[in-house]
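Taking it in order: structure first as structure tokens, then the write-up.
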Amino acid sequence: MRKNPPNPTKINSAVPKGAFHRLFIKQQTKVNAKPGTARLLKTFAEEDYRRIAKLIAHWLNEQPHG
Numbered sequence: 001m002r003k004n005p006p007n008p009t010k011i012n013s014a015v016p017k018g019a020f021h022r023l024f025i026k027q028q029t030k031v032n033a034k035p036g037t038a039r040l041l042k043t044f045a046e047e048d049y050r051r052i053a054k055l056i057a058h059w060l061n062e063q064p065h066g
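Reading the sequence shown from the start, the letters are residues 1 to 66 in my numbering.
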């Protein structure tokens, strides 16, 4: 019976990962980042959804000028 390879997005984490994190994991071999840099980039990728949500909320709350 053939075993499936481990899913890199689920290793060492019970928390679901965002789309940016999954994209980074897929591209990490191409980036060839050092472990410290890789952790930093993953952190940024995970926090992107928060910044995007804040930006959208800001746009929705803006008053039209004129």
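Ideal placement from N, C-alpha and C gives every residue a C-beta, glycine not left out.
Mapping the DSSP letters down to three states, classify residue i as helix, strand or coil.
{"i": "Gln63", "result": "coil"}
{"i": "Gly36", "result": "helix"}
Here's a check: name, in chain order, each residue in its chain whose Cβ is nearer than 8 Å to the Cβ of residue i, leaving out the five neighbours to either side.
{"i": "Leu23", "result": "Ala45"}
{"i": "Ala33", "result": "Leu41"}
Residues in its own chain within less than 7 Å of residue i by CB, not counting five upstream and five downstream?
{"i": "Lys42", "result": "His21 and Phe24"}
Should residue i be flagged as near chain D, meaning a C-beta pair shorter than 7 Å?
{"i": "Pro35", "result": "The displayed structure is made up of one protein chain only, and chain D is not part of it."}
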